[in-house]
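Novice: Numbering (my numbering), first residue to last: 1 to 193.
What follows is a structure written as structure tokens; I'll ask about it next.
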Amino acid sequence: MGMTDTIKEMFGGTPDVSTLQGLFVEMLKDVYDAEHRILESLPTMAESATNAQLQRAFEKHRTETEGQVGRLEQIFDMMGLEAERKTCDAIKGLISESEETIDMAEGHVLDAGLIASAQAVEHYEIARYGTLKHWAQTLGLRDVVKLLDATLTEEMKTDGSLNELAETTVNPSAFVADVLNASEEGRGSSRRS
Ligand SMILES: [Fe+2]
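Encoded structure:
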């Protein structure tokens, strides 16, 4: 009997939510919803970005996210369950904060804000996938662990490249934009005096 059979046997129906298995499935539904919301928000983030590398990073992560949705569907299937979304209020909140940033800021400063928003999302996902991976290990779901680990690694890489982009390019550009603004305002006020 293969691992897949064991998983199906273990999760023949939706498990009781008061068990670790049940909580695992609930969290799976939560990240499944989160990934869909992220998938919808990434094109706007890419369009709003000024920095070409940042645009590409968002586009690349959109493709990755499609694969992550696919992995979650594989996991539901391996467990003999229908893939189901459960509203993730945390990601909903983070995305609406990111939309606020898009309304408030522009140019290089907006790029810095977009990275901050994207990293908040990545950190949420890293926390969730980290927990899911550990629970799957505890539950003895070895094939599920592999899929969760693949996604966790992608999220951590994305977080790392966003960090690098912020430190090397985007944050310094945002600061220069501030300095240029301040000096223009300075000239404006001396003209007025
Ligand atoms: Fe993701």
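Cβ atoms here follow ideal geometry from the backbone N, Cα and C, with glycine treated the same way.
1. Using the Cβ count rule (16 or more neighbours within 10 Å means buried), how would you classify A127?
2. Of the residues D30, E99, G12 and Q68, which one's Cα is nearest the Cα of A46?
3. Give the secondary structure of D178 by DSSP, where H, G and I count as helix, E and B as strand, and everything else as coil.
4. Out of H134, E167 and L180, which has the shortest C-alpha to C-alpha gap to L20?
5. Given the structure, does T65 come close to ligand 1, in the sense that its CB is under 7 angstroms from one of the ligand's heavy atoms?
6. Which residue's Cα is closest to the Cα of E35: I115, E184, K92 and D16?
7. Mind checking G186: buried by the 16 CB within 10 Å criterion, or exposed?
8. Starting from D143 and walking both ways along the alpha helix (DSSP H), at which residues does that stretch end?
9. Report buried or exposed for N51, applying the criterion of at least 16 other Cβ atoms within 10 angstroms of its Cβ.
Specialist: According to the structure shown:
1. exposed
2. E99
3. helix
4. H134
5. yes
6. K92
7. exposed
8. R142 to L165
9. buried
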